[in-house]
Amino acid sequence: MEVTLLGTGDTTGTPTVGCDCDTCERARSMGVERTRFSVHVRSASGQSLLVDFSPDFRSQFLREDLEPPDAAAVTHIHFDHLDGLGNVYRLVDDMPVYAADETDPATGESVARTVRERYDYLDAVSVEPTAPFEPVRTAGLEVTLVPVDHPPLLCYGLLVEDPETGGRLALSGDTSYDVPDRSLAVLSGADLLLADGIVPAENCEYHPLGGRHHDEAGVPRTFGDKHMTIEGARQLGDRLDAERTRLVHLSHYIPADRAFEDDMAVDGERFHL
6 MEVTLLGTGD TTGTPTVGCD CDTCERARSM GVERTRFSVH VRSASGQSLL
56 VDFSPDFRSQ FLREDLEPPD AAAVTHIHFD HLDGLGNVYR LVDDMPVYAA
106 DETDPATGES VARTVRERYD YLDAVSVEPT APFEPVRTAG LEVTLVPVDH
156 PPLLCYGLLV EDPETGGRLA LSGDTSYDVP DRSLAVLSGA DLLLADGIVP
206 AENCEYHPLG GRHHDEAGVP RTFGDKHMTI EGARQLGDRL DAERTRLVHL
256 SHYIPADRAF EDDMAVDGER FHL
């Protein structure tokens, strides 16, 4: 199973448009980017799955020289994870998109229904309502959606397994550190965990809600209420006993001298599980 990190940044990406902060300038000098989040998974069968539709879809696929995906999964309806779906217009003939079928109290719709209604003009796309914790087979892979904690919207992490090779990829999705125990059980023991870590814990002092889910040393593992801190994401990796953890959904608010540490992903990284 081949995993390509198409987009590893938060909603503005790094470098951020019009920003000359030290972190954005360092990214430019290094020649690296963190575009909006998306992951490409190629199974041993040769078919491919896309997790989330970044607004940077076109440039990501051209950069990595990838064919359009055979299937996709959507974690939630924020624009940086969904609005790239329109890019598949005229690129695919038949593509199932898997999304959760639970009704979100904040919207009155499930993720699946929202995706279907926003992109009803894409005749080649079929939205497949999917029950959390129930694996589905697609693109030569087994995909399981699990609820995480990203208020006010429902959001899901994923476990992607290749039944032919046994490779296991876990994605935390956009979430606080308060991932439900049942979801943690599904995500545990992966070969690779992609964990949402947006800023260092020290940045919580700048958030109106501060930080939450403090560890024994008093370090907040959640920034505000919907994303993990860098420290929280690392602790989640330890808690899930992942063989390897890469931090994603990273912002340009990470100090430049720490923004590109060894476990912090950048676009284009590729793994074979």
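First residue of the sequence shown? That's 6 in the numbering used here, and the numbers climb one at a time after it. Quick reminder that beta carbons are idealized off the backbone N, C-alpha and C, glycines included.
For this session: Check the DSSP bridge columns for Pro225 and list the partner residues they point to.
Result: His219
Exercise. Is there contact here, the segment 153-171 with the segment 102-120, by at least three beta-carbon pairs under 8 Å?
Worked result: yes
For this session: Assuming Asp75 contacts Gln52 (C-beta within less than 8 Å), just tell me the rounded distance between them.
Result: 4 Å
For this session: Please say whether Leu87 and Phe62 have beta carbons closer to each other than 7 Å?
Result: no
Problem set entry | Neighbour-count burial assignment, Tyr182, 16 or more Cβ in a 10 Å radius | buried
Problem set entry | Unbroken stretches of the beta strand (DSSP E), 3 residues or longer, contained in the segment 153-210 | 161-166, 173-176 and 197-201
Exercise. Pairing CB atoms from the segment 116-134 with CB atoms from the segment 22-39, are three or more of them under 8 Å?
Worked result: no
Exercise. Roughly how many whole angstroms lie between the Cα atoms of Phe84 and Leu90?
Worked result: 10 Å
Problem set entry | C-alpha gap between His219 and Arg41, whole angstroms | 28 Å
Exercise. Going by Cα to Cα distance, which pick from Val224, Asp154 and Leu146 is closest to His45?
Worked result: Leu146
Exercise. Roughly how many whole angstroms lie between the Cα atoms of His81 and Gly223?
Worked result: 30 Å
Exercise. Where Val97 and Gly12 are concerned, what is the direct C-alpha to C-alpha distance, given to the nearest angstrom?
Worked result: 21 Å
Exercise. With respect to the alpha helix (DSSP H) encompassing His86, which residues constitute its N-terminal and C-terminal limits?
Worked result: Phe84 to Leu87
Exercise. Could you give the residue range of the alpha helix (DSSP H) that holds Val120?
Worked result: Val116 to Arg123
Problem set entry | Close Cβ partners of His232 (< 6 Å) along its chain, the five nearest in sequence each way excluded | Asp201 and Ile203
Problem set entry | Exposure label - Gly36; buried when at least 16 CB within 10 Å | exposed
For this session: Note the first and the last residue of the continuous beta strand (DSSP E) segment covering Glu7.
Result: Glu7 to Gly12
Exercise. For Ser64, does the three-state DSSP call read helix, strand or coil?
Worked result: helix
For this session: Kindly list the residues whose CB is nearer than 8 Å to the CB of Gln240, restricted to its own chain and excluding five residues on each side of it in sequence; keep chain order.
Result: Tyr182, Asp220 and Arg226
Problem set entry | For Ser256, three-class secondary structure by DSSP | coil
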